[in-house]
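Read through the structure below, which is laid out as structure tokens, and then see the notes.
Number of protein chains: 2
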Amino acid sequence: MVTVGQAPTLDQIREAQKRIAPFVHRTPIYSSELLNAHCDAHLFFKCENLQKVGAFKARGAINAVFSLSEQQAFRGVATHSSGNHGAALAMAAGRRGIAAHIVMPDNAPAAKKAAVAAYGATIITCKPTLLAREEALAEVVSRTAAHVVHPYHDSRVIAGQGTVGLEILEQVKELDAVLVPVGGGGLLAGVAIAVKTINPKIEVVAVEPAGADDAFRSFGSGRLVTQTSPDTIADGLLTSLGELNFEIIQSHVDTIITVQDASIVEAMKLQWSRLKTVVEPSGAVSFAGVLEHADRFCNRRVAIVISGGNLDLDKLPWQQ
Amino acid sequence: MVTVGQAPTLDQIREAQKRIAPFVHRTPIYSSELLNAHCDAHLFFKCENLQKVGAFKARGAINAVFSLSEQQAFRGVATHSSGNHGAALAMAAGRRGIAAHIVMPDNAPAAKKAAVAAYGATIITCKPTLLAREEALAEVVSRTAAHVVHPYHDSRVIAGQGTVGLEILEQVKELDAVLVPVGGGGLLAGVAIAVKTINPKIEVVAVEPAGADDAFRSFGSGRLVTQTSPDTIADGLLTSLGELNFEIIQSHVDTIITVQDASIVEAMKLQWSRLKTVVEPSGAVSFAGVLEHADRFCNRRVAIVISGGNLDLDKLPWQQ
Chain E
1 MVTVGQAPTL DQIREAQKRI APFVHRTPIY SSELLNAHCD AHLFFKCENL QKVGAFKARG
61 AINAVFSLSE QQAFRGVATH SSGNHGAALA MAAGRRGIAA HIVMPDNAPA AKKAAVAAYG
121 ATIITCKPTL LAREEALAEV VSRTAAHVVH PYHDSRVIAG QGTVGLEILE QVKELDAVLV
181 PVGGGGLLAG VAIAVKTINP KIEVVAVEPA GADDAFRSFG SGRLVTQTSP DTIADGLLTS
241 LGELNFEIIQ SHVDTIITVQ DASIVEAMKL QWSRLKTVVE PSGAVSFAGV LEHADRFCNR
301 RVAIVISGGN LDLDKLPWQQ
Chain X
321 MVTVGQAPTL DQIREAQKRI APFVHRTPIY SSELLNAHCD AHLFFKCENL QKVGAFKARG
381 AINAVFSLSE QQAFRGVATH SSGNHGAALA MAAGRRGIAA HIVMPDNAPA AKKAAVAAYG
441 ATIITCKPTL LAREEALAEV VSRTAAHVVH PYHDSRVIAG QGTVGLEILE QVKELDAVLV
501 PVGGGGLLAG VAIAVKTINP KIEVVAVEPA GADDAFRSFG SGRLVTQTSP DTIADGLLTS
561 LGELNFEIIQ SHVDTIITVQ DASIVEAMKL QWSRLKTVVE PSGAVSFAGV LEHADRFCNR
621 RVAIVISGGN LDLDKLPWQQ
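Going down the list, the sequences are from chains E and X.
As numbered in this note's numbering, residues 1 to 320 make up the first sequence, in order.
As numbered in this note's numbering, residues 321 to 640 make up the second sequence, in order.
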């Protein structure tokens, strides 16, 4: 799958906001006096775990699918995904009334396959390697002429994810910092463009698991590093940054910090017990950044993006 | 602890709504297309698990504490509680700036004791029997002259809980039924008065665990039955109805249905995974009513009260 387009502008993110509004939730901001006291900061949790399909991915997928011309759309869309993007694209295609072809590795959880199928998409299974996924997708595209929507190497997707940043600025006044998890970088890039273009004084902080720290290393060295052998509980953040997102991040993100898996689990449990909201490991990474780097955020007004809430309740990380 | 007052009127519930508004959340209504399809009904989940202290109990406690005259209040308040009412009363007293004395059994979970202490209340521990609790409370009252606030045998508490019903009618139009869990009956009585006085056509359905079905048996026989040896996962619904609430329920509730623990666990998991919201077993009882009695609610617009979200994440009922 190749990169589509250039970095979106603030205007394009605003257009995306209008385009997706009928199909996605304006998710709430949660706060907790107890967590504020615990962290000695003012925390504003942006609950994208309450988004359609349980993750921010609904925004980018809807924006991409509804940006297509009739000509582009009528043969349907396709992608490969083991996670939330597949379900999001299936949902978006269903809303537009076009076909979706989702290539999924044969070891994808049954619950994720069921979610994709429930939205009416066609599932093509393949071996669980990047090569097999790319080949299967190429075969689907050659057979169906479906339009490929990449999960994050795509300007329309980045613009859709950036609407999270617009909403945060509408919902919380006088912010000092925004914390965003980074995997492929689409959410981070979109939010950073929105926030920094509107108010450059707000610090944009990316948070990455220490066991999959390619963005941290790329940002520090100024050269795009590919992630090999990621090892983290945050299964949504295993992928490497793409070139487009790396460029955006270099110019719009203030810093990248890393967190240990133990902090991610602690963040999950605190959010579950105090906010009563179900957060997946990848979704808890940004709050883990506050827990592990407390001094940096002391007494500040900090937005924390909870990116998703999809996980297997029978395999919780604090259970043996 | 004795019953305080008579059944509250709709006007008293409306006064309670104004009185408590500065201190409690107007909790959201959640909905899910997938759960609607799963149940073949239109479901509106009233999220009192997102209330202050994680349960509707905050409403009744705030209303009781802020209904006290200066004369009544200045020596503080007291109660015995192993659960959410203790934390709610501690919170309410803290907001008013008066003392709270909470008698707790010595086997109460450490997390619950910590929550009560965090609100600045004094904890008095005792043996885990009703007699020991009553005695310890009597001793506290004779020593401090604190004002006792019972968790549900109290008109001010019932009026506070009834504000849940007012909010549901404000938030959801054209309802056919409201499902409410029943333990001591304060929430059920308050909601039933609010809903039935405003719109008698809306069916008020109480849901009770089959393993603690004293309300079901009392309602069926017309005579107040005391619960002995309750056996259910819904640890917030073990207590028996009081006389005042039984009278209110007889005149304002349409029916009481019971649910098995297996349905309660299924309801919990569906709410956690689909609504991304953390519901305690007692809080899932009303949704279990829809799952176990599906025909009754088919194609209807049904409000479901999620009463609370406080539980030990290390001991989930679907884990061994």
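The C-beta atom is built at its ideal place from N, Cα and C for all residues, glycine as well.
- Under the DSSP assignment, Thr163 (chain E) falls outside any beta strand (DSSP E), being part of the alpha helix (DSSP H) whose first and last residues are Ser155 to Gln171.
- The beta carbon of Pro348 (chain X) sits closer than 6 Å to the beta carbons of Cys367 from its chain, once the five residues preceding and following it are set aside; these are given in chain order.
- A direct Cα-Cα distance of roughly 20 Å separates Ile382 (chain X) from Arg274 (chain E).
- Contact of Pro429 (chain X) with chain E is not assigned, every C-beta pair being separated by 8 Å or more.
- Closer than 8 Å to the CB of Leu50 (chain E) there is at least one CB belonging to chain X.
- Counted as a single uninterrupted DSSP element, the beta strand (DSSP E) harbouring Leu179 (chain E) occupies residues Ala177 to Pro181.
- Within the segment 594–613 of chain X, contact with chain E at the beta-carbon level (separation under 7 Å) is assigned to Lys596, Thr597 and Val598.
- Close CB contacts of Arg346 (chain X) within its chain, under the 8 Å cut and outside five residues either way in sequence, are with Glu487 (chain order).
- Legend: CB atoms of the segment 39–72 of chain E lying less than 7 Å from CB atoms of chain X belong to residues Asn49, Leu50 and Gly54.
- With fewer than three CB-CB distances shorter than 8 Å, the segment 16–23 of chain E does not count as touching the segment 199–218 of chain E.
- Per DSSP, the continuous beta strand (DSSP E) segment holding Val103 (chain E) begins and ends at Ala100 to Pro105.
- Annotation for Thr144 (chain E): the continuous alpha helix (DSSP H) segment containing it runs Leu130 to Thr144.
- Proximity of chain X to Gln319 (chain E) at the Cβ level (cut-off 7 Å) is accounted for by Gln639, in chain order.
- Counting only the Cα atoms, Ser549 (chain X) lies some 55 Å from Ser229 (chain E).
- For Glu203 (chain E), the uninterrupted beta strand (DSSP E) segment begins and ends at Glu203 to Pro209.
- The DSSP-derived three-state label of Gly309 (chain E) is coil.
- Shown here, Ile257 (chain E) sits in a strand according to DSSP, grouped into three states.
- DSSP, reduced to helix, strand and coil, places Arg339 (chain X) within a helical segment of the structure shown.
- When Cβ-Cβ separations below 8 Å define contact, Gly629 (chain X) makes contact with chain E.
- When the beta-carbon positions are compared, Gly506 (chain X) and Pro471 (chain X) come within less than 8 Å of each other.
- A contact between stretches requires three or more CB pairs, one per stretch, nearer than 8 Å, and the segment 388–399 of chain X fails this requirement with the segment 136–150 of chain E.
- Ranking X:Ala419, X:Ala497, X:Ala408 and X:Pro429 by CA distance to the CA of Arg395 (chain X) puts X:Ala419 first.
- CA-to-CA, the gap between Ala434 (chain X) and Ala194 (chain E) works out to about 41 Å.
- Taking a contact to require three or more Cβ pairs closer than 8 Å, the segment 368–376 of chain X and the segment 604–621 of chain X do not qualify as touching.
- Proximity of chain E to Pro348 (chain X) at the Cβ level (cut-off 9 Å) is accounted for by Pro28, in chain order.
- Chain-order list of chain E residues neighbouring Lys589 (chain X): Leu313, by C-beta distance under 7 Å.
- As the crow flies, the alpha-carbon of Leu561 (chain X) is around 11 Å from that of Ile568 (chain X).
- Judged by beta-carbon spacing, Lys596 (chain X) lies within the 8 Å limit of Leu50 (chain E), meaning their Cβ atoms are closer than that value.
- With fewer than 16 neighbouring CB atoms inside 10 Å of its own CB, Arg543 (chain X) falls in the exposed class.
- The count of Cβ pairs closer than 8 Å, one atom from the segment 79–87 of chain E and one from the segment 97–111 of chain E, reaches three, so the stretches are in contact.
- A distance of 8 Å or more separates the beta carbons of Phe287 (chain E) and Ile256 (chain E).
- DSSP, read as helix, strand or coil, puts Thr559 (chain X) in coil.
- With respect to the 8 Å criterion, Pro8 (chain E) and Ile158 (chain E) are classified as neighbours on the basis of their beta carbons.
- Annotated three-state conformation of Phe539 (chain X) is helix, per DSSP.
- In the same chain as Ala108 (chain E), and ignoring 5 residues on each side of it, the C-beta atoms closer than 7 Å to its own belong to Ser82, in chain order.
- Considering only E:Ile124, E:Ser263, E:Gly97 and E:Gly165, the residue with the shortest C-alpha distance to Arg59 (chain E) is E:Gly165.
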